[in-house]
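Residue numbers (our numbering): 5 to 343.
Report on the following structure.
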């Protein structure tokens with residue numbers, strides 16, 4: 005039995021803080037409760053309620069409206085919060101993010117952010133969300149405005165990198181914008197630099213964890229590439245970065261791409277080197293244990309069989325220690341259910 009949605013007549017909801025509004029939204033907001041969410045936003049904006057809250061309180065409330073898909077009310081609360089905290093980088097950031105996600109015109113908010121001076125953008129998220137807003141506008145604005153929005157997005161990314169040189173998102177966003185402009189070679193240069201070179205910060209070269217840049221490189225640039233050696237290098241760097249941040253989803257993806265590249269190189273060599281076959285099988289096993297998507301697991305099973313049934317150095321599928329687990333798993337999955 006479904007829980008009945010709470011409905012409240014207009015102008016009868018009284019609250020005193022953004023934190024209280026968030027608690028109510030978490031409890032009663034969601035699919036089928038648009039009327040309640042509209043009433044709640046009205047209550048926040050009602051001057052008779054004298055709503056108070058920190059920047060964090062309003063940020064969390066706006067974020068919750070966004071998560072529920074209510075961008076209209078999210079922007080209404082943004083406007084209200086910015087009247088209280090007009091110079092808040094956090095609130096300007098989430099407002100630009102809301103505009104980017106909803107297609108709303110955010111020029112007033114972008115101008116407000118620019119009026120602070122980018123040197124005073126003390127929140128990395130403001131750079132990220134301002135760049136994303138300009139990027140999304142470039143993709144939907146009249147053609148004569150496209151280039152200007154792209155250039156502004158790139159300008160924001162470059163200042164992001166200059167002011168927060170160890171934040172990976174500045175480089176990743178620049179590469180994404182360049183890919184949107186079909187400047188693939190330039191995007192590659194950005195990604196290679198951040199993945200393979202140290203970044204200068206505080207006057208000295210420092211390593212940067214660029215796991216997301218590795219994933220962007222593999223998914224967008226090397227998705228169908230036959231440059232297996234480069235794929236191996238990127239995947240290995242991605243694994244190293246992911247291990248440092250203990251991101252199991254990333255580790256599964258990079259292990260998967262590593263295993264596919266190893267398998268492809270073995271096939272390219274016509275299965276001449278048995279040690280390479282063993283190494284590829286080991287990579288497949290590790291990846292199989294880490295991946296979370298069934299399609300990846302299915303690809304790895306096919307690689308196993310192809311490697312073991314090769315015409316040059318075939319391996320017994322039933323006895324080889326590296327394939328037993330996969331074959332047993334496949335057999336269990338395909339076995340008929342006993343009633």
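Note that the Cβ used here is the ideal one computed from N, Cα and C, for glycine as well.
Keep in mind that this is a model prediction, so the values were computed, not measured.
Tell me the residue span of the beta strand (DSSP E) that contains residue i.
i, result
"residue 108", "Per DSSP, residue 108 belongs to no beta strand (DSSP E) and is neither H nor E."
"residue 47", "Per DSSP, residue 47 belongs to no beta strand (DSSP E); it is in the alpha helix (DSSP H), 38-49."
"residue 91", "Note, residue 91: premise wrong, no beta strand (DSSP E); not H, not E."
"residue 223", "Element bounds for residue 223: n/a, residue is neither H nor E."
"residue 147", "Taken as a continuous stretch (DSSP letters only), residue 147 belongs to no beta strand (DSSP E), being part of the alpha helix (DSSP H) at 147-167."
Taking the continuous alpha helix (DSSP H) assigned at residue i, which residues delimit it?
i, result
"residue 261", "252-272"
"residue 310", "298-312"
"residue 248", "232-249"
"residue 2", "Absent from the model: residue 2. The displayed extent of the chain is 5 to 343, so no value can be given."
"residue 56", "Segment: none, residue 56 is in no alpha helix (DSSP H) and carries neither H nor E."
"residue 279", "278-294"
Are the CB atoms of residue i and residue j nearer to each other than 9 Å?
i, j, result
"residue 78", "residue 56", "no"
"residue 169", "residue 223", "no"
"residue 258", "residue 273", "no"
"residue 93", "residue 65", "no"
"residue 218", "residue 239", "yes"
"residue 138", "residue 154", "yes"
"residue 201", "residue 191", "no"
"residue 95", "residue 33", "no"
"residue 212", "residue 194", "no"
"residue 114", "residue 142", "no"
"residue 256", "residue 220", "no"
Please return the same chain residues whose Cβ sits closer than 6 Å to the Cβ of residue i, not counting the five positions on each side in sequence.
i, result
"residue 280", "270"
"residue 236", "265"
"residue 85", "62 and 95"
"residue 260", "291, 295 and 300"
With a threshold of 16 other CB atoms inside 10 Å of the CB of residue i, please say whether the residue is buried or exposed.
i, result
"residue 148", "exposed"
"residue 107", "exposed"
"residue 20", "exposed"
"residue 290", "buried"
"residue 276", "exposed"
"residue 299", "exposed"
"residue 91", "exposed"
"residue 297", "exposed"
"residue 74", "buried"
"residue 119", "exposed"
"residue 189", "exposed"
"residue 171", "buried"
"residue 31", "exposed"
In whole angstroms, give me the CA-to-CA distance for residue i and residue j.
i, j, result
"residue 37", "residue 61", "22 Å"
"residue 183", "residue 27", "41 Å"
"residue 87", "residue 59", "11 Å"
"residue 39", "residue 98", "24 Å"
"residue 48", "residue 24", "10 Å"
"residue 150", "residue 124", "27 Å"
"residue 41", "residue 29", "7 Å"
Confirm the yes/no value for this check: CB of residue i, any heavy atom of the ligand FAD, distance under 8 Å.
i, result
"residue 115", "In the structure on display, the ligand FAD does not appear, and there are no ligands present to speak of."
Can you give me the Cβ contacts of residue i inside the same chain, cut-off strictly under 7 Å, excluding the 5 residues immediately before and after it?
i, result
"residue 278", "317"
"residue 127", "93, 94 and 97"
"residue 17", "43, 44 and 47"
Please work out which residues of its chain come closer than 8 Å, Cβ to Cβ, to residue i, disregarding the five sequence neighbours upstream and downstream, and give them in chain order.
i, result
"residue 234", "226"
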